[in-house]
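Residue numbers (the numbering used here), protein chains in the order written: chain A, 1 to 335; chain Y, 336 to 632. Below is one structure; the comments refer to it alone.
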Amino acid sequence: MVEAARTAVRTASGGAGILRFLGRRLVQGVIVILIVTLIVFALLHLAMPQGPAQGILGMQATQEQIDAFNRANGFDRPLWQQYFTFLSQIAVGDLGDSFKLNRPVADAIGQRLPKTLVLALISMAVALVVAIPMGIYQAVRRGKTGDYVFTTMNFIIYSTPSFFLGLVLVIVFAQWLGLVPALAPQGDTVAQVLAKPAGLVLPVATAALGIIATISRYMRSATIDNLSEDYVRTARAKGTPMPVVIRRHVVRNSLTPVIAMLGYYLPVMFGGMIVVESLFNYPGMGLLFWTSAQTGDYPVLLGCVLVIAVATVVGSILADLVQALLNPRTRGELA
Amino acid sequence: MTTATAAQPATQPAARSPFRRGLRRFLQNKLALFGVVTIVLFLLFCFLGPLLHPTDQVHTDLKSTMLPPGTPGHPLGTDDVGYDVLGRLMIGGQVSILIGLAAGILATVIGTLWGAIAGYVGGTVDAVMMRVVDAGIAIPATFLLLILSAIMRPSVPLMIVVIGLVSWLVPARLVRAESISLKSREYVLAIRAMGGTHGRAVVKHIVPNTVGTIVVNATFQVADAILLVAYVSFLGMGLQKPATDWGAMLTGGMTYTYAGAWWLIFPAGLCIVLTVCAFNSIGDGLRDFFDVKGRDR
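Following this line, the structure appears as structure tokens:
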């Protein structure tokens with residue numbers, strides 16, 4: 001997919017330019033989000049063939065009450081009309097009401113999402129700081145012991161369920177060594193969570209290890225590809241020392257595919273957050289999703305899916321944009 | 336792990352068939368060999384093991400709970416309701432491996448057909464089909480799995496179908512890319528010129544020529560599916576007791592972490608890691624065998 005994006009950027013730059021390419025990506029993004037809303041609507045209907053009446057009115061509601069509710073709220077109309085109502089509601093940010101939390105879904109997600117984003121951003125930052133030098137080191141020392149050790153390590157981490165990885169970290173660093181708490185800090189706001197950084201160590205480490213295993217592998221192979229490029233030989237022939245060639249040329253060019261990958265990596269990361277948050281009881285959107293799945297709170301579940309899907313689409317477009325900006329062949333057209 | 340391919344000299348005897356050459360390359364890849372041996376051992380352990388070590392994995396035995404490993408008759412101890420852990424690893428492994436294999440294959444079949452058709456037909460059909468793939472990728476698999484398990488009662492066939500349905504997107508993209516480059520090859524054009532149908536071109540020519548990509552990706556799909564089964568169980572949406580899988584065993588044991596009951600955690604965890612590692616290394620080996628790019632890893 002990274003390859004596809006790269007080709008797309010290249011083709012666009014040859015034709016009518018980057019703006020047109022971005023325009024096409026935006027249209028595609030809107031279509032993708034529309035398809036997601038269709039999937040979500042279908043799932044809602046599958047989960048609640050009778051509409052949300054039962055969930056909102058409670059299990060004791062009579063059939064008459066349900067019918068009255070459905071008439072009042074338009075749930076007795078044909079499905080396609082209901083879909084358009086649903087669309088116009090989410091277009092203005094109305095994701096419906098939670099069955100269990102006694103508040104609108106958008107509120108509940110709005111309170112949890114920033115905390116998940118903070119956790120995700122810290123984990124991603126830590127992972128990048130470790131994985132990029134690791135990938136470069138592996139590429140430069142390709143086939144030697146150092147490369148082998150890191151490759152094996154990443155291979156094992158990649159094959160380990162993150163909750164097992166997190167559990168091992170808890171046993172070693174919380175139970176045996178007693179260095180950090182095994183539970184994440186609690187609180188309604190980001191500030192409250194950040195106030196106890198020790199509790200963030202294990203959740204961040206668990207999330208970051210998985211990301212490191214993925215990104216360092218990308219970075220390694222991208223760097224290996226670039227090291228065999230002509231410009232490296234040219235720079236060496238002109239007498240530039242290897243470390244300088246790597247710093248000035250190779251790293252920049254190798255980062256491009258990694259950045260492109262990050263955009264597509266968002267859903268994987270959110271999917272991982274649900275596991276990390278449930279393991280450490282971190283009060284983010286993943287935990288909200290998890291508890292909602294336990295209680296059958298479908299409006300919340302599907303609201304979360306919509307938010308993540310939009311984030312993913314925006315993320316992949318941003319990744320394409322950053323990639324285009326880094327690419328000297330297309331940079332000029334935007335600046 | 337890809338370095339092994341590059342290191343192979345191009346001086347192989349020309350008389351050898353591509354298959355023999357590939358097989359040789361595969362066997363020289365020690366990691367791939369480790370993978371095959373590990374999987375065979377696990378299959379024997381899970382499916383023949385219960386014959387050598389018969390245990391009751393249906394009825395709880397509350398008189399002998401939490402026995403430590405080494406207790407006579409219970410080499411790996413018992414869990415919190417008295418199931419023998421070694422025996423439970425066997426039946427849990429049956430479920431994990433069965434779901435992993437079946438879901439991986441299902442995902443590969445759907446993804447291959449979807450990608451081959453999209454790439455072959457092209458145009459608007461391709462654009463629409465690939466936007467559907469984009470939409471699927473924008474929804475994290477664990478989220479979709481949790482929603483579907485909340486709606487329906489989890490069972491082995493359901494988990495196979497559901498995991499298969501959330502995992503076909505990556506193979507679809509890979510096969511589409513190959514399909515686009517294959518459809519303008521002479522032999523595909525020839526079939527069309529001779530009056531062969533589009534269906535025939537896709538099934539007889541496009542799909543067989545992507546077999547390398549498909550097989551390599553299928554192996555990785557199985558590895559991912561085994562992980563997904565474990566995640567679903569960890570999130571409490573797995574199979575109902577007394578049925579179990581490695582992920583459910585591991586999750587059940589986590590309650591007793593602080594009680595020091597390591598035998599409820601590490602055996603199941605290691606089984607998952609070893610099996611997934613094994614499938615991933617077979618995938619790496621097969622990529623050398625078929626000499627395809629597979630997926631970036």
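We treat Cβ as the ideally placed atom computed from N, Cα and C, and that holds for glycine. Computed from a prediction, not measured in an experiment: that's the story for all the values here.
Query raised in the report: Does DSSP put Pro-489 (chain Y) in a helix, a strand or coil?
Result: Locating residue 489 (chain Y) in the second sequence gives position 154, where the first residue counts as 1. Pro-489 (chain Y): coil per DSSP, three-state reduction.
**Report entry** Gly-412 (chain Y) and Trp-598 (chain Y) closer than 7 angstroms at C-beta
**Finding:** Taking the second sequence and counting its residues from 1, one reaches residue 412 (chain Y) at position 77. Taking the second sequence and counting its residues from 1, one reaches residue 598 (chain Y) at position 263. Cβ distance < 7 angstroms, so Gly-412 (chain Y) and Trp-598 (chain Y) count as in contact.
Requested in this report: Would you kindly check if the distance between the Cβ of Asp-469 (chain Y) and the Cβ of Val-32 (chain A) is under 7 angstroms?
Outcome: Numbered from 1 along the first sequence, position 32 holds the residue referred to as residue 32 (chain A). Numbered from 1 along the second sequence, position 134 holds the residue referred to as residue 469 (chain Y). Closer than 7 angstroms, so yes.
Report task. Note down, in chain order, each residue of its chain lying with its Cβ closer than 6 angstroms to the Cβ of Ile-66 (chain A), except the 5 sequence neighbours on either side. Result -> Taking the first sequence and counting its residues from 1, the one referred to as residue 66 (chain A) is at position 66. So the list reads Ala-53, once near-sequence residues are dropped.
Report task. Give a yes or no on whether 7 angstroms exceeds the smallest Cβ distance from Thr-373 (chain Y) to chain A. Result -> Within the second sequence, numbered from 1, the residue matching residue 373 (chain Y) stands at position 38. With 7 angstroms as the cut-off, Thr-373 (chain Y) does not count as an interface residue toward chain A.
Requested in this report: Output, in chain order, the set of chain A residues within a Cβ distance shorter than 7 angstroms of Gly-571 (chain Y).
Outcome: For the purposes of this step, residue 571 (chain Y) is taken as residue 236 along the second sequence, with counting starting at 1. Ordered by position in chain A, the residues that pass the 7 angstroms Cβ test against Gly-571 (chain Y) are Gln-294.
Requested in this report: Could you list which residues in chain A have their beta carbon closer than 8 angstroms to that of Leu-481 (chain Y), in chain order?
Outcome: For the purposes of this step, residue 481 (chain Y) is taken as residue 146 along the second sequence, with counting starting at 1. Below the 8 angstroms Cβ cutoff, chain A contributes Ile-274, Phe-289, Trp-290, Ala-293, Leu-301 as neighbours of Leu-481 (chain Y), in chain order.
Report task. For the region 33-94 of chain A, list the alpha helix (DSSP H) runs that are entirely contained and at least 4 residues long, ordered along the chain. Result -> 53-57, 63-73, 79-91
Report task. Can you grab the Cα-Cα spacing for the pair Ile-171 (chain A) / Gly-571 (chain Y), in whole Å? Result -> Taking the first residue of the first sequence as 1, we reach residue 171 (chain A) at position 171. Taking the first residue of the second sequence as 1, we reach residue 571 (chain Y) at position 236. Approximately 21 angstroms, taken between the alpha carbons.
Report task. Would you mind listing the beta strand (DSSP E) stretches within the region 490-549 of chain Y that are 3+ residues and don't spill past its ends, in chain order? Result -> none
Query raised in the report: Among residues of its own chain, excluding the 5 on either side of Ala-442 (chain Y), which ones have a beta-carbon nearer than 6 angstroms to its beta-carbon?
Result: By one-based count along the second sequence, residue 442 (chain Y) stands at place 107. Excluding residues within five positions, the ones whose Cβ falls inside 6 angstroms are Gly-499, Ser-502, Trp-503, Gln-556.
Report task. Determine which residues of the region 454-474 of chain Y have a Cβ less than 7 angstroms from any Cβ of chain A, and write them out in chain order. Result -> Arg-466, Val-467, Asp-469, Ala-470, Ile-472, Ala-473, Ile-474
Query raised in the report: Once you ignore the five residues that flank Ala-578 (chain Y) on each side, which residues in its own chain have a CB closer than 7 angstroms to its CB?
Result: Translated into the one-based positions of the second sequence, residue 578 (chain Y) becomes position 243. Cβ within range, chain order: Val-430.
Query raised in the report: From Arg-24 (chain A) to Gly-471 (chain Y), what distance separates their C-alpha atoms?
Result: Translated into positions along the first sequence, residue 24 (chain A) becomes position 24. Translated into positions along the second sequence, residue 471 (chain Y) becomes position 136. Using only the alpha carbons, I get a separation of about 20 angstroms.
Report task. Using a threshold of 7 angstroms, state whether the C-beta atoms of Ile-109 (chain A) and Val-307 (chain A) are closer than that. Result -> Position 109 of the first sequence, counted from the first residue, corresponds to residue 109 (chain A). Position 307 of the first sequence, counted from the first residue, corresponds to residue 307 (chain A). In this structure, Val-307 (chain A) lies closer than 7 angstroms to Ile-109 (chain A) by Cβ.
Query raised in the report: What span of residues does the alpha helix (DSSP H) with Met-401 (chain Y) cover, start to end?
Result: In the second sequence, the residue the question calls residue 401 (chain Y) occupies position 66. Run containing Met-401 (chain Y): none; DSSP gives neither H nor E here.
Query raised in the report: DSSP on Thr-554 (chain Y), reduced to helix/strand/coil?
Result: In the second sequence, residue 554 (chain Y) corresponds to position 219, counting from 1. Thr-554 (chain Y): helix per DSSP, three-state reduction.
**Report entry** 7 angstroms Cβ cutoff, Thr-395 (chain Y) in contact with chain A
**Finding:** Start at 1 with the first residue of the second sequence, and residue 395 (chain Y) comes out as number 60. Closer than 7 angstroms: no.
Query raised in the report: Within 10 angstroms of its Cβ, does Pro-475 (chain Y) collect 16 or more other Cβ (buried), or is it exposed?
Result: Locating residue 475 (chain Y) in the second sequence gives position 140, counting from the first residue. Buried, because 16 or more other Cβ atoms sit within 10 Å of the Cβ of Pro-475 (chain Y).
Requested in this report: Please classify Asp-297 (chain A): is it buried, with 16 or more other beta-carbons within 10 angstroms of its beta-carbon, or exposed?
Outcome: As a first step, residue 297 (chain A) is located in the first sequence; it is residue number 297 there, counting from the start. Buried is the call here.
Report task. Name the one or two DSSP bridge partners that Pro-385 (chain Y) has. Result -> What you label residue 385 (chain Y) is simply residue 50 of the second sequence in a count that begins at 1. Partner(s): none; Pro-385 (chain Y) has no beta bridge.
**Report entry** Opposing strand residues paired with Thr-406 (chain Y) [DSSP bridges]
**Finding:** Residue numbering aside, residue 406 (chain Y) sits at position 71 when the second sequence is read from its first letter. BP columns for Thr-406 (chain Y) point to Y:His-409.
**Report entry** Option in A:Ile-317, A:Ile-215, A:Tyr-218, A:Leu-119 with minimal Cα separation from Gly-199 (chain A)
**Finding:** In the first sequence, the residue the question calls residue 199 (chain A) occupies position 199. The shortest C-alpha separation from Gly-199 (chain A) is found at A:Leu-119.
Query raised in the report: Any Cβ of chain Y within less than 7 angstroms of the Cβ of Leu-179 (chain A)?
Result: Taking the first sequence and counting its residues from 1, the one referred to as residue 179 (chain A) is at position 179. It does not: the Cβ of Leu-179 (chain A) has no partner Cβ on chain Y nearer than 7 angstroms.
Query raised in the report: Looking only at DSSP bridge pairs, what is Gln-602 (chain Y) linked to?
Result: In the second sequence, counting from the first residue as 1, residue 602 (chain Y) sits at position 267. First, the residue type needs correcting, since residue 602 (chain Y) is Pro and not Gln in the sequence shown. Bridge partners of Pro-602 (chain Y): none, in fact.
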